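Encoded as structure tokens, the structure appears first; notes follow it.
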Amino acid sequence: MANEEPQEKKKVEVDWSRRQFLIGTGALTVVGLGAMFLNEPVAAAVRSVFGQQPESGPITVLQGDYFYIPNYMTWRVGDQISMTIHNTSTTHFHEMQIGRGFNTMPTALQTIRTQFAEDFWKGVPVTITAAQGIDNFVTNEAKISSDVHPTPWLLTQPGNGGFSPTMKPGGQITLSFTVPNKPGIWHYACFVQGYMHWLAGMRGTINILPA
Amino acid sequence: MSTLELRPDISPVPQVVKSKRMPPVIRGILWSAIGFLVINTLISYVLDPRYGHPFITQVSITFGWFAAMVGWVLGVGAWEGAVLPAFGHHGTLYTAPGWKRFFEYSTEHKVIGLQYIGSSAGGFFIAGLAAMLMRLELMNNSMWLFNYPQQYLTTVGIHGTIMMFSVGTVALVGGLGNYLVPLMIGSNTSAFPRMSGISVLLVPFGIVTVALSPLLGYWSTGWRGYEPLASQDPSGILFYYLGVFALTLSSLLVSINLTATVIFKRAPGMTWGRLPMFAWGITTVSLLNIIWLPEIQLTFVMSLVNRLVPLPLFTATGSPLTYMELFWLFGHPEVYIVVVPALALWQEIIPVMTRKPLFARQWGVIGLIFVMMLSGFVWAHHMFTNMRNVEMMPFSFFTEMISIPTGFAYLVALGTLWRGRLKFNTVSLLVLMSMFNFLIGGMTGVFLADPIINLQAHDTFFVVGHFHYTIIGGMVFSWLAAMYYWLPKMSGRMYNERLGKIGAIWIFLAFNLTFSQFFLLGLHGMNRWVSVYPSYLQPMNFETSIFAFLLGLGFLFHLVHIWWAWRAGQKAEGNPWESKSVEWITASPPAEESFPVIPRIVSSTYTYDNDEPAVIIPSDGKRVATTS
Ligand code: HEM
Ligand SMILES: [Cu+2]
Ligand SMILES: [Cu+2]
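As they're listed, the protein sequences go chains B and X. Be aware that the first sequence starts at 812, since it is given in our numbering, and climbs by one per residue. Be aware that the second sequence starts at 255, since it is given in our numbering, and climbs by one per residue.
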């Protein structure tokens, strides 16, 4: 019954360094905690140290559940931008509004933010240069023109809320425009599904530098 | 491997080589990182590139994670310890001296047991920190600590997942089971030591995976991963599936190993009729694990694939119920996986402390076995809100019936206490407290088995109170009792009786003041899974949180006390409790080879009504080794 088998041929005692062990695991713990809790301050610090080049030309914004990549951009007034917004989610619709301040709606437990109060795109000429998998595109007060055949999803009449292209899962749209003379900090966000995407953190910031 | 040479593994004086090597844990992390980078890059850039060429996609991270897991296990030492030998390479397994043995691959069941206990304790405090964050948020009825509701829900999910799969299922089975079962049945090894050495490495890997899940996005399903919600969740849920996969795989391997150990490794005379209750408990939960863990692993793999491909597995009409059935089929047996070893621990400790034979031993065994069998018939009591009235009846019935075999286990403990002269110390105090708490947990469970009450209390803090009473009150208190009881065995040192008692009373009060209020909160309408709640519940939540923090501190107090006793406590006598159980005839702490001569068991080990020894060391016995 107690049939002891030799477990291994030879057991050799070879020590290892306690210091390496502690420094290695300690450093990784710090990295892990930093990644979990300090990613935003660290990103802000890195930005303030190294600055950020304004983006121009073709740029891509990826949408996920529930985030944007990137969630921080720098633009400069007068630059020509061709922004592709691509929804990488396999399950969710996502939009992208840009603006400042909030329209709100009271509920039993808390006040909910429904969209931006000030629409960045007001009066801005925008050309749709490519589009695929669009659910709807509210243009509000932008001056829209299109290289693609936009019906039936293009909603140009007023009363549908702020400027917002809403992509189906996998959809994407390319918008070409010149950054208007509206320098300062602007925000972008997605408010779909009863405004829950914003609550879940689907937000970003654009720092527009003067020309 | 087996040869006819004369025991080549017994080399009391290990060769000492001066050259150093990389700390195994560091090598494990390195290999893990390499594995991840190679496979992840291969998938995201070559095999399955996505629009915009993101470096990490859901598919790449899933396969990358598996590579990382393999890299970790091999890097820590399974490469030399298990893989090379399997290919006939007579590799050398290095060991380090002292405490460092606990931070490398090992095949020794006592080292592995302590590695499991250490990992569980780590999981307990990580998930405990999450609980403290939850209680902090709930001190106010608005969002003040977290920014997004999903952050709260993710915290709840991390807390529940790590607690269930790395503490509840692991501490008493992988931990105490690996350490004690071979010792209790007079064996020097477990049945599959190499597999065991690998399985323990999966626990820290799984815990870290779940804890880091927010890196991939918040998830909102809690520990149950309900579909179709999970398929709609951000990608953090991936690390839930993957981490739980590692953890459940570990428990499955433990169960296979320990079941085989109990069947094949018993010393002469250790008949089934004499098998210690704790070994019985471990055998029954191992069977539960072997039946139900593959079932839940398959469910989670389905959910994972459902999401990655994606497939519409759980979205059609009625399918959400399919997931719930699949989850709770495992989910209910899981609660007995948690609590059965705790019941067995009471039955192990109480006879020693009362100096009385175990009362109605065979009923205790029958109780454990019937709990095990019935636990597969009650799952739908978690889903009363989703069923027709006629369907509730059988589940309500079986749920109330299961309190009968559970009651056997309870009565065995009570009968042994009856008119006994209980030695009053930290250990027996914690066991009594555990029995008290578990009684409350069990009685509120009977209420919840009643559909009329269930439909009112479902999804409220009443339920949260109920299961914390069984899990913390029943299992964690028993775990602590066991740690104090076997501390002299594991470390050769004794804890401080006064500090132990203070700690026990501390957590008993804090625990009851916290969780009894969970019942009241629930009855007043406090829902689970909400960080924002009606303001009339705020004062009670506030004060409940304060007791919860005290409870957290109480557990820290025990951790520090045990740590201190382990290193600097008074030297303990060989058998301080005068137990008749087999593990106490070994040295304290036991040598690498616990029994130089395999003992012979001559009677039940609970015969405290006479002075005859239950275990003898045969003088003509097969000598397994020269004494060192
Ligand atoms: C310091 C001790 C603990 C405190 C204060 C605590 C607190 C809580 C609270 C407040 C919740 C519910 C949150 C909600 O639904 O909104 C919860 C859920 C839970 N806890 Fe604990 N807990 C503790 C220890 C434990 C332990 C030791 C275990 C198991 C070993 C455990 C297992 C669970 C599980 C499984 C859930 C359900 C998670 C879910 O709904 O998905 N907890 N805990
Ligand atoms: Cu969105
Ligand atoms: Cu149940």
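A virtual CB, placed ideally from N, CA and C, is assigned to each residue, including glycine. All values reported here derive from a predicted model rather than from experimental measurement.
(message) Can you pull out the residues from the segment 834-860 of chain B whose beta carbon lies closer than 8 Å to at least one beta carbon of chain X?
(response) So the close ones are G835, T836, L839, G843, A846, M847.
(request) Give the residues from the segment 861-881 of chain B that approach chain X closer than 9 Å (Cβ to any Cβ), ordered along the chain. (result) Per Cβ criterion, the list reads T871, L873, G875, D876, Y877, F878, I880.
(request) Quick one: which unbroken alpha helix (DSSP H) runs of 4-plus residues sit fully inside the segment 323-367 of chain X? Chain order, please. (result) Qualifying alpha helix (DSSP H) stretches: none in this window.
(message) Taking CB distances under 7 Å as the criterion, tell me whether W827 (chain B) reaches chain X.
(response) Taking the first residue of the first sequence as 1, we reach residue 827 (chain B) at position 16. Yes, because at least one Cβ of chain X sits closer than 7 Å to the Cβ of W827 (chain B).
(request) With 7 Å as the C-beta to C-beta threshold (strictly closer), list the residues of the segment 782-793 of chain X near chain B in chain order. (result) Answer in chain order: V786.
(message) Can you check which of these residues, X:L558, X:I544, X:D863, is closest to K610 (chain X) by C-alpha distance?
(response) As a first step, residue 610 (chain X) must be located in the second sequence, where it is residue number 356. The shortest C-alpha separation from K610 (chain X) is found at X:D863.
(request) Please check if any C-beta of chain B sits within less than 7 Å of the C-beta of I280 (chain X). (result) Numbered from its first residue, the second sequence carries residue 280 (chain X) at position 26. Taking CB atoms only, I280 (chain X) has a neighbour in chain B less than 7 Å away.
(message) Beta-carbon within less than 6 Å of F357 (chain X)'s beta-carbon, same chain only, minus the 5 sequence neighbours each way: which residues are those?
(response) The residue you call residue 357 (chain X) lines up with position 103 of the second sequence. Excluding residues within five positions, the ones whose Cβ falls inside 6 Å are V279.
(message) Taking the alpha helix (DSSP H) that T940 (chain B) belongs to, which residues open and close that run?
(response) Indexing the first sequence from 1 puts residue 940 (chain B) at position 129. Element bounds for T940 (chain B): not the alpha helix (DSSP H) but the beta strand (DSSP E), 936-949.
(request) For P659 (chain X), name the three-state secondary structure that DSSP assigns. (result) Walking along the second sequence from the start, residue 659 (chain X) turns up at place 405. It is helical.
(request) Compute the minimum distance between the beta carbon of H722 (chain X) and the heavy atoms of ligand 3, and state whether it is under 6 Å. (result) Position 468 of the second sequence, counted from the first residue, corresponds to residue 722 (chain X). For H722 (chain X), the shortest C-beta to heavy atom distance toward ligand 3 is 6 Å or greater.
(request) Closer than 8 Å by beta-carbon distance: list the chain X residues that pair up with G1012 (chain B), in chain order. (result) The sequence position of residue 1012 (chain B) within the first sequence is 201, counting from 1. Residues of chain X passing the Cβ test: N401, Y402, Q404, Y472.
(request) Go to G995 (chain B), then tell me how far its beta strand (DSSP E) extends in each direction, as first and last residue. (result) Along the first sequence, one-based indexing puts residue 995 (chain B) at 184. The continuous beta strand (DSSP E) containing G995 (chain B) extends over residues 995-1000.
(message) On the criterion of 16 or more Cβ atoms from any shown chain inside 10 Å, does G451 (chain X) qualify as buried, or is it exposed?
(response) For the purposes of this step, residue 451 (chain X) is taken as the residue at position 197 of the second sequence. A buried status is given to G451 (chain X), since no fewer than 16 other beta-carbon atoms sit within 10 Å of its beta-carbon.
(message) Using the Cβ count rule (16 or more neighbours within 10 Å means buried), how would you classify F651 (chain X)?
(response) Position 397 of the second sequence holds residue 651 (chain X). F651 (chain X) should be labelled exposed.
(message) Can you list, in chain order, the residues of its chain with a C-beta nearer than 6 Å to that of T880 (chain X)? Leave out the 5 residues immediately preceding and following it.
(response) Numbered from 1 along the second sequence, position 626 holds the residue referred to as residue 880 (chain X). Confidence at T880 (chain X) is low in this model, with a pLDDT of 40, below 50, so its placement is unreliable and the value that follows should be read with caution. Same-chain partners within the cutoff: there are none.
(request) Within 10 angstroms of the Cβ of R858 (chain B), are there 16 or more other Cβ atoms? Answer buried if so, exposed if not. (result) On the first sequence, position 47 is the one that residue 858 (chain B) refers to. R858 (chain B) should be labelled exposed.
(request) Give the residues of chain X in contact with Q921 (chain B), contact being defined as C-beta atoms less than 8 Å apart. (result) The residue you call residue 921 (chain B) lines up with position 110 of the first sequence. Contacts between Q921 (chain B) and chain X, judged by CB atoms closer than 8 Å, involve S396, M397, V786 in chain order.
(request) Under 7 Å between beta-carbons, which chain B residues line up against G754 (chain X)? List them in chain order, please. (result) The count along the second sequence starts at 1 and reaches residue 754 (chain X) at position 500. Result: empty, since nearest Cβ-Cβ is about 30 Å, beyond 7 Å.
(request) In the DSSP assignment, find the alpha helix (DSSP H) that holds S453 (chain X) and state where it starts and stops. (result) The residue you call residue 453 (chain X) lines up with position 199 of the second sequence. From DSSP, the alpha helix (DSSP H) with S453 (chain X) extends over 447-465.
(request) Report yes or no: do three or more beta-carbon pairs, one from the segment 467-482 of chain X and one from the segment 397-409 of chain X, lie closer than 8 Å? (result) The answer is yes - the segment 397-409 of chain X touches the segment 467-482 of chain X, with three or more Cβ pairs under 8 Å.
(request) Select from the segment 880-910 of chain B all residues with a C-beta closer than 8 Å to any C-beta belonging to chain X, and list them in chain order. (result) Residues I880, H897, T899, T901, T902, H903.
(request) Measuring only between beta-carbons, confirm whether F832 (chain B) sits less than 7 Å from chain X. (result) For the purposes of this step, residue 832 (chain B) is taken as the residue at position 21 of the first sequence. Put simply, the CB of F832 (chain B) is near chain X, with a gap under 7 Å to one of its CB atoms.
(message) Taking the alpha-carbon of G889 (chain B) as reference, which of B:A1000, B:C1001, B:A1011, B:P994 has the nearest alpha-carbon?
(response) Mapped onto the first sequence, residue 889 (chain B) falls at position 78. Ranking B:A1000, B:C1001, B:A1011, B:P994 by Cα distance to G889 (chain B) puts B:P994 first.
(request) Pick out whichever of X:I725, X:M578, X:P339 has its Cα sitting closest to the Cα of V424 (chain X). (result) Taking the first residue of the second sequence as 1, we reach residue 424 (chain X) at position 170. The shortest Cα separation from V424 (chain X) among X:I725, X:M578, X:P339 belongs to X:I725.
(request) Return the CA-CA distance between S557 (chain X) and L567 (chain X), expressed in angstroms with no decimal places. (result) The count along the second sequence starts at 1 and reaches residue 557 (chain X) at position 303. The count along the second sequence starts at 1 and reaches residue 567 (chain X) at position 313. One C-alpha to the other measures close to 8 Å.
(message) Restricting to runs no shorter than 4 residues, where is the alpha helix (DSSP H) found entirely within the segment 562-625 of chain X?
(response) List check, alpha helix (DSSP H) in window: 573-608.
(request) For my contact list, S420 (chain X) and S374 (chain X) are in at a C-beta cut-off of 8 Å; report their separation, rounded to the angstrom. (result) Along the second sequence, read from residue 1 onward, the residue named residue 420 (chain X) stands at position 166. Along the second sequence, read from residue 1 onward, the residue named residue 374 (chain X) stands at position 120. 6 Å between Cβ atoms; contact.
(request) Give the residues of chain B in contact with R304 (chain X), contact being defined as C-beta atoms less than 8 Å apart. (result) Reading the second sequence from its first residue, position 50 is the one you call residue 304 (chain X). T899, listed in chain order.
(message) Any beta carbon from chain B within less than 7 Å of Q710 (chain X)'s own beta carbon?
(response) If you number the second sequence from 1, residue 710 (chain X) lands on position 456. Put simply, the CB of Q710 (chain X) is far from chain B, with every gap to its CB atoms at 7 Å or more.
(request) Run down chain B in chain order and give the residues with a C-beta less than 7 Å from the C-beta of P468 (chain X). (result) In the second sequence, residue 468 (chain X) corresponds to position 214, counting from 1. In chain order: M847.
(message) Can you check whether the C-beta of P574 (chain X) is within less than 7 Å of a C-beta belonging to chain B?
(response) Position 320 of the second sequence, counting from 1, holds the residue named residue 574 (chain X). Among the residues facing chain B, P574 (chain X) is not included, as its CB has no counterpart in that chain under 7 Å away.
(request) Quick one: using the 10 Å Cβ neighbour count with 16 as the cut-off for buried, is L552 (chain X) buried or exposed? (result) One-based indexing of the second sequence puts residue 552 (chain X) at position 298. Taking all protein chains in view, the Cβ of L552 (chain X) is surrounded by fewer than 16 other Cβ atoms within 10 Å, so the residue is classified as exposed.
(message) Would you say the beta carbon of V872 (chain B) is closer than 6 Å to some non-hydrogen atom of ligand 2?
(response) Residue numbering aside, residue 872 (chain B) sits at position 61 when the first sequence is read from its first letter. For ligand 2, not one heavy atom lies less than 6 Å from the Cβ of V872 (chain B).
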